[in-house]
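Enquirer: After the structure tokens below, expect a handful of questions from me.
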Amino acid sequence: MLKLRKIQSMIVAMVVSGAVLTGCTGQTEEAELSQLNIFAAASLTNALEEIEKNFENNNSEIDLILNFGSSGSLQKQIQQGAPVDVFFSASKKKLESVIETGEIEADDVVELLKNNLVVITPFTLDYLPTKLEDLSSKYIRKVSIAAPESAPAGRYAKESLEKSGLFETLKDKMVYGKDVRQTLNYVETGEVEAGIVYSSDAVVLDGGSIAFEIPEEMHSEIVYPVATLKDSPNKELAQKFLDYLQEKESEEIFVKYGFKVKED
109 MLKLRKIQSM IVAMVVSGAV LTGCTGQTEE AELSQLNIFA AASLTNALEE
159 IEKNFENNNS EIDLILNFGS SGSLQKQIQQ GAPVDVFFSA SKKKLESVIE
209 TGEIEADDVV ELLKNNLVVI TPFTLDYLPT KLEDLSSKYI RKVSIAAPES
259 APAGRYAKES LEKSGLFETL KDKMVYGKDV RQTLNYVETG EVEAGIVYSS
309 DAVVLDGGSI AFEIPEEMHS EIVYPVATLK DSPNKELAQK FLDYLQEKES
359 EEIFVKYGFK VKED
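Here the sequence shown stands for residues 109 to 372, where the numbers follow my numbering.
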């Protein structure tokens, strides 16, 4: 009987020991996982979330942490010392500001994507605008654009409205979103009759449709530059991710979500 108890005790000890070793191994693996903090324009959300899955499947040692927002807001966070490895902006101007304050080297910048603007309307709207001038119609009570001071989409939209002489006319109708995704939401929920967003956002529009595309000559060229941060503690891994963004697999995803790959 005593011998049986001794054997049982040995088995329990082995099981406990194995569990402890397994726990230690798990902790070691977790500790070895490298996190990359990616700051990206809100309009890149759907494309980058799909790219994230593909990249992590091929690079199991890397955990991408995606932080989306308006390019202006992200730019300020970087300049205030936020820990960032890669900045993917919807505006050359916002990224150039980070170059000027020294967080990014100009030689590390890649101008990767292009985009364009469209006017979207909710399905509930009976009136269909076909040009910018139609936004002044009595059937369009509210028009939403992203905040021009922080969101590039809003700045491009404002440029278009100013060039067409409509910005002052529409001032009382204007509803500003914190970023382009909030503008999209205002249209989808019917809070506004029209919104100006990127064509890449309209790809995922639910509850509305594209009324028309705004001619490219009405605004500055919409370019998305991306760069690694100069003081990134994971510079090599950050560059690995930036290189992956330029591979065919990633480019096809960007195109699927309404972007254009910028030619050299």
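Glycine is no exception: its CB is placed at the ideal position from the N, C-alpha and C atoms.
What separation, rounded to the nearest whole angstrom, lies between the Cα atoms of V192 and S151?
Expert: C-alpha separation (whole angstroms): 19 angstroms.
Enquirer: Just reading off the alpha helix (DSSP H) that E241 is part of, what are its end residues?
Expert: Unbroken run through E241: none, as it is neither H nor E.
Enquirer: Quick one: Cα of E371 to Cα of N342, how far?
Expert: Looking at the two C-alpha atoms, the distance is approximately 28 angstroms.
Enquirer: Can you give me the C-alpha to C-alpha distance between L278 and V251, rounded to a whole angstrom?
Expert: Each residue's alpha carbon lies about 8 angstroms from the other.
Enquirer: Within 7 angstroms: the Cβ of K202 and any heavy atom of the ligand NAP?
Expert: Ligands are entirely absent from the displayed structure, and the ligand NAP is therefore not among its contents.
Enquirer: Quick one, are the C-beta atoms of V300 and V283 less than 8 angstroms apart?
Expert: A contact, by the Cβ cut-off of 8 angstroms.
Enquirer: Using 10 angstroms around the beta-carbon of Q183, count the other beta-carbons present and answer buried if the total reaches 16, otherwise exposed.
Expert: With 16 or more Cβ atoms within 10 Å of its Cβ, Q183 is classed as buried.
Enquirer: Would you check if there are 3 or more beta carbon pairs closer than 8 angstroms linking the segment 199-210 to the segment 173-188?
Expert: With a cut-off of 8 angstroms, the segment 173-188 and the segment 199-210 count as touching, because enough Cβ pairs lie within range.
Enquirer: State the start and end residues of the unbroken alpha helix (DSSP H) segment that holds I253.
Expert: No alpha helix (DSSP H) holds I253; the beta strand (DSSP E) holding it covers 251-254.
Enquirer: Apart from the five residues just before and just after Q135, which ones in its own chain have a Cβ nearer than 6 angstroms to its Cβ?
Expert: Here the model assigns Q135 a pLDDT of 44, short of 50, so the residue's position is not dependable and the matter cannot be decided.
Enquirer: At the level of alpha carbons, what is the spacing between P237 and T229?
Expert: If you take the alpha carbons of P237 and T229, they lie about 8 angstroms apart.
Enquirer: Just tell me which of G177, L221, V194 has its CA closest to the CA of E213.
Expert: The candidate whose alpha carbon is nearest that of E213 is V194.
Enquirer: In or out: N224 buried (at least 16 other Cβ within 10 Å) or exposed?
Expert: It is buried - the Cβ of N224 has at least 16 other Cβ atoms within 10 Å.
Enquirer: Taking DSSP's pairing of strands, which residues face K222 in a bridge?
Expert: V331, K368, per the DSSP bridge assignment.
Enquirer: Using 8 angstroms as the Cβ pair cut-off and three pairs as the minimum, do the segment 161-171 and the segment 311-327 touch?
Expert: Because the criterion of three Cβ pairs below 8 angstroms is not met, the segment 161-171 and the segment 311-327 do not touch.
Enquirer: Have a look at E358 and I159 and give me their C-alpha separation to the nearest angstrom.
Expert: One point to set straight first is that residue 358 is Ser, not Glu, in the sequence displayed. So the two alpha carbons sit approximately 6 angstroms from each other.
Enquirer: Expressed to the nearest angstrom, what Euclidean distance is found between the alpha-carbon atoms of K246 and Y235?
Expert: Those two C-alpha atoms are separated by around 10 angstroms.
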